[in-house]
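What follows is one structure encoded as structure tokens, with my remarks underneath.
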Amino acid sequence: MKNVLVTGGTGFLGSSIAKALLQEGCSVRILRRANSDMRAIGDAPVEHVPGDVRDRRSLLRAMQGCDTVFHTAAVISYWRRERDLMYDVNIRGTRNVVECCLESGVEKLVHTSSIAAIGYPEGGGWADESNVFNWDRYDVGYRISKHRAEEEIRQGVHKGLQAVMLNPAVIIGPGDIHFHGGQIVRDVALKRIFYYLEGGMNVVYIDDVVRGHLAAARQGRVGERYILCGENLSHRDIFSVTASIVGGIQPWVKLPPGLVRWIGTAAETTGDVFRKKPWVTKELLAGAGLYNYFSCDKARRELNYTITPFREAVERTFEWYCKQGSLKPVHSVN
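In our numbering, the protein residues as written are 2 to 335.
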């Protein structure tokens, strides 16, 4: 791994991977849109190639001379109005990446998928890489797009592409300028959350995910997927631990799943009427009440993957937001 391309190199994960690769002594090139937000990548000494994963010519130009590609570019949306764009980027864009890697003679493709592409254990317990996708009944566009993107990777592997897939959980950490996973920290810090619902989820720290990607490039088995996750915690525990760190309100109201889904539907309907992206949607809340727990045993065995405890991940994330001026330290709030 010497000359590396990162698609989505201005995003939260992509920029973090690019910076880690620079520290490893790699020559790094990023593919980015002309109007990309540059705050995450900053002035890191990477080569910028304007383009789009939907544009094969820009992909081929960006891959020229590269031995390894990290494909992190994706659209994350749970709003049905953005589904066509998301499918275009996540599915057809991944197909372009695969085809261009084969054409350019790239030695290794590391594809960033998601736990969204992994089926949940219907009988309870923790899901692993063998769980078959079973989210179709909920018709969640993002999950479908990540599942189908993995199918594009597998087709590439059948054609001889040396590719590996990684499935991160919800990511938090320094650099999340758009508050994707960090929305949990922000909402609790701003005292917007005082409730919880049945079920649980998995949150992972950015540094763990980055290390997992670099390890997969070196020793991940071709055609395999690896879950990169953190601790499995109930929603109540997640909000409670976060509140104790950021000075939020301890969750004391339990919302029934039916009410949660109704809120998502109502918010989306309002957004559709006013043509404004809603703060929450029925697709985002489709799995309300489920325990989306995952095992990273395979990554531990094969990639020497390690986990940062959730409390420590939140502390580091909150500290970074405070230093950036995005949130106020606890002593300033109280």
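Glycine included, each C-beta is placed from N, C-alpha and C at the ideal position.
- In this structure, Y227 sits near A300, with a CB-CB distance shorter than 8 Å.
- For P169, the enclosing beta strand (DSSP E) covers residues 164 to 169.
- R219 and M2 have their C-alpha atoms spaced approximately 8 Å apart.
- Between G182 and the set D129, L260, I173, P310, the nearest pair of CA atoms involves I173.
- Listed in chain order, the alpha helix (DSSP H) elements of length 4 or more contained wholly in the stretch 62 to 110 are 84 to 88, 94 to 105.
- With fewer than 16 other Cβ atoms from the protein chains shown falling within 10 Å of its own Cβ, M39 counts as exposed.
- Secondary structure of V133 (DSSP, three-state): coil.
- Listed in chain order, the alpha helix (DSSP H) elements of length 4 or more contained wholly in the stretch 206 to 249 are 207 to 220, 236 to 247.
- In this structure, L167 is the residue among L32, R84, L167 with its C-alpha nearest to the C-alpha of Y306.
- Residue pairing by DSSP places N203 opposite N233 in a beta bridge.
- Membership of T282 in any alpha helix (DSSP H) is not indicated, and neither H nor E is assigned to it by DSSP.
- T309 carries a coil assignment under DSSP once its states are collapsed to helix, strand and coil.
- Rounded to whole angstroms, the separation of the alpha carbons of G259 and A19 is 42 Å.
- Counting along the chain, no alpha helix (DSSP H) covers E25, and no H or E run does either.
- Around the CB of A314, 16 or more other CB atoms lie within 10 Å, so the residue is classed as buried.
- Contact check between the stretch 314 to 329 and the stretch 187 to 194: three or more CB pairs, one atom from each, fall below 8 Å, which counts as touching.
- By alpha-carbon distance to R222, the top candidate from F180, P122, R155 is R155.
- Residue nearest to G161 within the set V205, L191, C101 is C101 (criterion: CA-CA distance).
- Contact between the stretch 70 to 79 and the stretch 111 to 119 is present: 3 or more CB-CB pairs across the two stretches fall below 8 Å.
- Y197: member of the beta strand (DSSP E) spanning 196 to 198, first to last residue.
- DSSP places R138 in the helix class (H, G or I) of the three-state scheme.
- With 16 or more other Cβ atoms from the protein chains shown falling within 10 Å of its own Cβ, W136 counts as buried.
- Annotation for V50: no alpha helix (DSSP H) segment contains it, though the beta strand (DSSP E) segment containing it runs 48 to 51.
- Under a 10 Å Cβ-count criterion, P279 is classified as buried, with 16 or more other Cβ atoms of the shown protein chains found around its own Cβ.
- In this structure V158 does not touch F311 by the C-beta definition: roughly 34 Å separates them, more than the 8 Å allowed.
- The count of Cβ pairs closer than 8 Å, one atom from the stretch 267 to 279 and one from the stretch 227 to 241, stays below three, leaving the stretches out of contact.
- Inter-residue distance for G290 and G120 is about 15 Å (C-alpha atoms, whole angstroms).
- Taking L304 as the centre and dropping the five residues before and after it, the same chain places the C-beta of G213, A216, A217, Q220, G221, Y227 closer than 8 Å to its C-beta, in chain order.
- Three or more Cβ pairs closer than 8 Å define a contact, and the stretch 126 to 141 falls short of that threshold against the stretch 84 to 100.
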